[in-house]
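Structure, as structure tokens:
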Amino acid sequence: GEDVEQSLFLSVREGDSSVINCTYTDSSSTYLYWYKQEPGAGLQLLTYIFSNMDMKQDQRLTVLLNKKDKHLSLRIADTQTGDSAIYFCAEAGVRNTPLVFGKGTRLSVIA
Amino acid sequence: DSGVTQTPKHLITATGQRVTLRCSPRSGDLSVYWYQQSLDQGLQFLIQYYNGEERAKGNILERFSAQQFPDLHSELNLSSLELGDSALYFCASSVGVAGGEQYFGPGTRLTVT
Numbered sequence: 348g349e350d351v352e353q354s355l356f357l358s359v360r361e362g363d364s365s366v367i368n369c370t371y372t373d374s375s376s377t378y379l380y381w382y383k384q385e386p387g388a389g390l391q392l393l394t395y396i397f398s399n400m401d402m403k404q405d406q407r408l409t410v411l412l413n414k415k416d417k418h419l420s421l422r423i424a425d426t427q428t429g430d431s432a433i434y435f436c437a438e439a440g441v442r443n444t445p446l447v448f449g450k451g452t453r454l455s456v457i458a
Numbered sequence: 165d166s167g168v169t170q171t172p173k174h175l176i177t178a179t180g181q182r183v184t185l186r187c188s189p190r191s192g193d194l195s196v197y198w199y200q201q202s203l204d205q206g207l208q209f210l211i212q213y214y215n216g217e218e219r220a221k222g223n224i225l226e227r228f229s230a231q232q233f234p235d236l237h238s239e240l241n242l243s244s245l246e247l248g249d250s251a252l253y254f255c256a257s258s259v260g261v262a263g264g265e266q267y268f269g270p271g272t273r274l275t276v277t
């Protein structure tokens, strides 16, 4: 079945760039998503990329997709303490199937 | 604020009991999803309803059931509760049946003692 893998922890200094990586197994994935979960809150959609794209930029966020290696990354430029959260990668496979989430990467930003 | 509401925010109950969690989706959204989040299992998809009909089923135990009502709100029923059912339960909603862009509620924290 589908599987989405992420590293569990990442620690960066304020002002540096953060790169959160994700690998997935379903080659039929159509969209790939990044969600953010702040402490005590639900998940919030950050951005997504369609599988025929290589890159998407949205302000401080850059999503890179390597479809051949089934590798997705989220780069956060100029990371701030407010970016401390858990980031989930998710993939949507064949049409109408539920999202498959990774276990989440906990980003800690050190001032 | 995502527009998705969940009640109650916290629930403490004993093993063997039954509880009902409630979710109201964003206005206009027809799909409702239920997830369980625990430290060891991560975020697990339980079940999806679309416009009142069950659409997809994930790792939902037989002791758990859900439904979506004509006004599109949904309820998740958990029965014969065990200690391991203690978790955060999230509801999410989306416009269509294929819901990549999901909007999550704030969750219900269930503690089973």
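Going down the list, the sequences are from chains A and B. Count along the first sequence from 1, then add 347; that gives the number in this note's numbering. Count along the second sequence from 1, then add 164; that gives the number in this note's numbering. Ideal Cβ placement from N, Cα and C applies to all residues, glycine included.
**Request:** Determine the closest residue to Q391(A) out of L194(B), T277(B), P270(B) and S238(B), with distance taken between C-alpha atoms.
**Result:** Here residue 391(A) refers to the residue found at position 44 of the first sequence. Nearest of L194(B), T277(B), P270(B) and S238(B) to Q391(A), Cα basis: P270(B).
**Message:** Please identify, using Cβ separations under 7 Å, the residues of the region 198 to 220 of chain B that lie next to chain A, in order along the chain.
**Reply:** Under the 7 Å Cβ criterion, the region 198 to 220 of chain B contributes G206, L207, F209, Q212 and A220.
**Item:** Contacts that F228(B) makes with chain A (C-beta to C-beta distance below 9 Å)
**Value:** Here residue 228(B) refers to the residue found at position 64 when the second sequence is read from its first residue. Going along chain A, no residue has its Cβ under 9 Å from F228(B), so there is no contact; the nearest lies around 16 Å.
**Item:** Per-residue burial, G192(B) [other beta carbons within 10 Å of its own, 16 or more giving buried]
**Value:** The count along the second sequence starts at 1 and reaches residue 192(B) at position 28. Looking at its Cβ environment, which holds fewer than 16 other Cβ atoms inside 10 Å, G192(B) is exposed.
**Message:** Between I396(A), G362(A) and T452(A), which has its C-alpha nearest K414(A)'s C-alpha?
**Reply:** If you number the first sequence from 1, residue 414(A) lands on position 67. Looking at the Cα atoms, I396(A) is the closest of the given residues.
**Request:** Could you tell me which residues DSSP puts in a beta bridge with T409(A)?
**Result:** For the purposes of this step, residue 409(A) is identified with residue 62 of the first sequence, where counting begins at 1. Bridge partners of T409(A): Q404(A) and R422(A).
**Request:** Measure the alpha-carbon distance for P172(B) versus D401(A) and round it to whole angstroms.
**Result:** Here residue 172(B) corresponds to residue number 8 of the second sequence, with the count starting at 1. Here residue 401(A) corresponds to residue number 54 of the first sequence, with the count starting at 1. Those two C-alpha atoms are separated by around 42 Å.
**Request:** Please say whether L245(B) and Q170(B) have beta carbons closer to each other than 8 Å?
**Result:** Along the second sequence, read from residue 1 onward, the residue named residue 170(B) stands at position 6. Along the second sequence, read from residue 1 onward, the residue named residue 245(B) stands at position 81. No, Cβ-Cβ distance for Q170(B) and L245(B) is not below 8 Å.
**Asked** Between the C-alpha atoms of A251(B) and E218(B), what's the straight-line distance to the nearest angstrom?
**Response** Against the second sequence, residue 251(B) aligns to sequence position 87. Against the second sequence, residue 218(B) aligns to sequence position 54. Computed Cα separation, rounded: 23 Å.
**Item:** 8 Å Cβ cutoff, A178(B) in contact with chain A
**Value:** In the second sequence, residue 178(B) corresponds to position 14, counting from 1. Not closer than 8 Å to any Cβ of chain A, the Cβ of A178(B) fails to qualify, so no.
**Asked** Given a limit of 8 Å on CB to CB distance, which residues of the region 255 to 269 of chain B reach chain A?
**Response** A256, V261, A262, G263, G264, E265, Q266, Y267, F268 and G269
**Sub-8 Å separation of G206(B) and G451(A) beta-carbons** = Translated into positions along the second sequence, residue 206(B) becomes position 42. Translated into positions along the first sequence, residue 451(A) becomes position 104. Yes. Within cutoff.
**Item:** Extent of the continuous beta strand (DSSP E) run through E239(B)
**Value:** Position 75 of the second sequence, counted from the start, is the residue given in the question as residue 239(B). S238 to L242 is the span of the beta strand (DSSP E), which, as asked, contains E239(B).
**Item:** Residue interval of the beta strand (DSSP E) (run including R453(A))
**Value:** Translated into positions along the first sequence, residue 453(A) becomes position 106. Residues T452 to I457.
**Item:** N-terminal and C-terminal residue of the beta strand (DSSP E) that Q384(A) is part of
**Value:** Your numbering for residue 384(A) matches position 37 in the first sequence. Where Q384(A) is concerned, the enclosing beta strand (DSSP E) stretches over Y378 to Q384.
**Prompt:** Skipping 5 residues on each side, what residues in its chain have a beta carbon closer than 8 Å to that of F448(A)?
**Reply:** Reading the first sequence from its first residue, position 101 is the one you call residue 448(A). If we look at F448(A) and ignore the five residues flanking it on each side, its Cβ neighbours are V351, Y382, F435, C436 and A437.
**Item:** Beta-carbon neighbours of Q404(A), restricted to chain B and to distances below 9 Å
**Value:** Here residue 404(A) corresponds to residue number 57 of the first sequence, with the count starting at 1. Scanning chain B for C-beta atoms nearer than 9 Å to the C-beta of Q404(A) yields nothing, as the closest lies near 19 Å away.
**Message:** Run through chain B and tell me which residues come within less than 9 Å of F356(A), C-beta to C-beta.
**Reply:** In the first sequence, the residue the question calls residue 356(A) occupies position 9. Contact note: F356(A) does not reach chain B at a C-beta cutoff of 9 Å; the least C-beta distance is about 14 Å.
**Prompt:** Going along chain A, which residues have a C-beta under 8 Å from G222(B)?
**Reply:** Residue numbering aside, residue 222(B) sits at position 58 when the second sequence is read from its first letter. Within 8 Å Cβ-Cβ: P445.
**Prompt:** Exposed or buried, F233(B), counting other C-beta atoms within 10 Å across all chains shown (16 or more means buried)?
**Reply:** As a working note, residue 233(B) is residue 69 in the second sequence. Exposed is the call here.
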